[in-house]
Amino acid sequence: MCGISGVTYSGRGDVQGMVDTMQHRGPDGSEVLDFGNVTLGHNLLSIRGNPSRGKQPVIAENSAWSLVFNGEIYNTKKLALDLGVLEDEQRPDTELLYEIICKYGWNFIERVEGMYALAVYNREQDKLCLYRDYSGQKPLYYAIHNGELLFASEIKALMTVGFSNPRVDPDGLNWSVLCGYIPNEHTIIKDVRKVLPGQKIEWNNKNKEIKYSRLTISKIEQQEGLGLRDSIRKSVREHLVSSHPVALNLSGGMDSAVLLYEISQCDYPVVAYTSSYEGASGEANEELRLAKKLARRMGVEHREIRLCKQDYWENFYRSHQTIEEPNGNIAIPLYSQVARLQGCEGDGYRVVFTGCGGDELFYGYDYYEQNFRIDQWLRFLPSPVLSLLYRMRHGRNIDFKDPLVRWNFNRGYAHHFLNANPEGILTTKNKLQWAQDYLMANANSQEGAYQGMLMDRCAWLANENFMRMNKLFMNYSVETRSPFAHGPLRAAVDKILCAMSPEAKRKKKILRELYTGLLPDSITKRKRKVGWHAPLKEWYNSNAKDFLMSMFAGRKGNWVNWEKVTAHVNAKNEWPGKIIHLYGSLAAISDLYKLDI
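Residue numbers for the sequence shown, in this note's numbering: 702 to 1298.
Below, the structure is given as structure tokens:
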């Protein structure tokens, strides 16, 4: 896990500024190399192998290739075999990746499994390519500025190069208030874009032309001959490779419990962490009780992270600026506190496992049930008839046949505080091409519930969940790993589940049955969805209200009606709901970048 950056000109000073801005991503060193036509930068957080061998940018005297890499490559045994070398624990995955690039050229990416955002430059061809893997666990941003390509792992790094007067991206803002985050290539800043999950961006530095394409899912993404349990264990085992101890964020839910069980089967001495909430009800702390019980059963060391309302409101503003993008997730300040206590300012962990990606693999979210019901209704009712019935009852026109519209219907916000209606963006087809491309490249079935789950992988998981976790944890030099999001495991599970009836795969049924008897009934038979939420109904008081009022009152902007936001908070003394957290993030980001939002 690292930070990468670069520009397509001789710009050592500019790239050094980006590297300096991302020091938290690379406490083990940094480097800038100017190749004349392209300059690359790197911040190193050493996780695997000898740090002295993990130096980047990677170059070789007899090669035209250069590499900067952020992430982990998990099929290193296969790559070492391909190269005809012995796998060496002191050898970073970066070395193997670079040698594969030198051997196969631009086709190298078809042989690589892992979570990554990387940039490869060929000096002879004067061509630079950016890549982000299909899971999208590592963010990568880019901009075309004065006819040149700039890229970095964080927006704030890009902003050090020439963005003296940034402007709001209307599409990014509209998507954020519809979804609670920005699900696609947009950001809140005009001209700054995200590389999408599974996307390759090719920059020809000779004619300054840019091309976009999808990565090809190679045959190595299949796990033929392995059962589902074996596939899960294989993914966990590959993710445990590290030169540093690995911790686990453990809730009372299925996903993290499965990870804990499989880690224990690998005889790995993991430490499990669970959060508790001071001054909150027993129901809010039910996950702590279940996690402690499970950890004792597995013989695993368990540590409790106690969180309080003071942590929450003190971290609110700073944590949203750390994320850099609009985000209405109410638990963001607490994630930041957990990262601080686990990372370089606390227990010093560099690798933390999470169960993220399990819900988007085994139909875990409650609203997937609604998607299954819609699929059933569509078997008997034409889509226009179902849409008409819904409009007559609720006053909204929803095209239930369209997986993209249906996805936003399930996860979007019901109202907004913008001066202009943002919903027109959902009917502009070219605005949805990012989602259509992802579905075409990945869907194994036309089932609406399945395609809705793929949309969550593409949008929510990559551009909210993983982006949020990456920014907050890397702020304290911690790499998060999510075995359930691993490409080969996804391919194996999708192949199995797409052949099953809807009833057989709902609410993680197959996963629950698989681990019945291996995990306690309190985990496998618990049907209520376990979420990680701040107990704000209990923590909200007059001081919290005053804090929000001070953030919104008197604020002016061309896009958001801040008077309505202020009135919404001022109207009652109870927690004003999750929508207000999105506008809190917009206020924090507006101040960070001096944006007129």
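Note that beta-carbon positions come from the ideal geometry of N, C-alpha and C, so glycine has one too.
- Within the same chain, Cβ atoms closer than 7 Å to the Cβ of S943 are found at I748, R749 and V1052, the five residues on either side in sequence being excluded.
- The C-beta distance from S836 to I705 rounds to 17 Å, too long to fall under 8 Å, and the pair is not in contact.
- D735 carries a strand assignment under DSSP once its states are collapsed to helix, strand and coil.
- Going by beta carbons, Y1036 and A948 fall outside the 8 Å limit.
- Spanning the alpha carbons of A818 and S865 requires a straight line of approximately 27 Å.
- Boundaries of the alpha helix (DSSP H) harbouring T1267: W1263 to N1271, taken from the DSSP string.
- For T722, the enclosing alpha helix (DSSP H) starts and ends at R713 to T722.
- In this structure, Y822 sits away from E1026, with a CB-CB distance that is not shorter than 8 Å.
- Check the Cα spacing between W1260 and each of I1281, A1288 and H1269: the tightest is with A1288.
- Segment contact: the region 895-913 against the region 859-877, fewer than three CB-CB distances shorter than 8 Å; contact not assigned.
- R1191 is a Cβ neighbour of L1062, given a cutoff of 8 Å.
- Taken through DSSP and simplified to helix, strand or coil, W904 comes out as strand.
- Look at G1153 here: in three-state DSSP terms it is helix.
- Here N906 is near D827, since their CB atoms are less than 8 Å apart.
- Of the residues G727, F1118, L745 and G772, the one whose Cα lies closest to the Cα of S1183 is G772.
- Proximity to L784 across L797, I774, Q717 and G742 peaks at L797, based on C-alpha coordinates.
- Here Y832 carries a strand assignment [DSSP, helix/strand/coil].
- Three or more Cβ pairs closer than 8 Å define a contact, and the region 1014-1022 falls short of that threshold against the region 969-984.
- Under the three-pair Cβ rule at 8 Å, the region 1148-1155 counts as touching the region 1057-1072.
- When secondary structure is reduced to three states using DSSP, M1175 falls in the helix class.
- Annotation: the region 917-989 contains the following complete segments of the alpha helix (DSSP H) (minimum length 4 residues), in chain order: 929-940 and 955-966.
- Each of P1221, A1193 and R915 was checked against the Cα of I810, and the nearest Cα belongs to R915.
- Excluding its 5 nearest sequence neighbours in each direction, A996 has C-beta neighbours in its own chain below 6 Å: A973 and H1003, listed in chain order.
- Beta bridge pairing from DSSP links W1135 with no other residue.
- Buried is the label assigned to E1180, since at least 16 other Cβ atoms lie within 10 Å of its Cβ.
- Under the three-state reduction of DSSP, F1081 is assigned to helix.
- By the neighbour-count definition (other C-beta atoms within 10 Å, threshold 16), F1167 is a buried residue.
- Under the three-pair Cβ rule at 8 Å, the region 930-938 counts as touching the region 953-965.
- Residue pairing from DSSP places Y817 in a beta bridge opposite G772.
- In the DSSP annotation of this structure, Y842 is not part of any alpha helix (DSSP H); the continuous beta strand (DSSP E) holding it starts and ends at Y842 to H846.
- Residue pairing of C703 in beta bridges, as defined by DSSP: L745.
- Residue range E910 to R915 is occupied by the beta strand (DSSP E) that includes R915.
- Taking 8 Å as the cut-off, the beta carbon of A1136 is found no closer than this to the beta carbon of M1154.
- Sequence-distant Cβ neighbours of I1024 in its own chain, meaning closer than 8 Å and more than five residues away, are I1033, M1168, R1169, K1172, L1173 and S1286.
- K1228 and R1213 have their C-alpha atoms some 10 Å from each other.
- The distance from the Cβ of M955 to that of K1209 is about 6 Å, consistent with a contact at the 8 Å cut-off.
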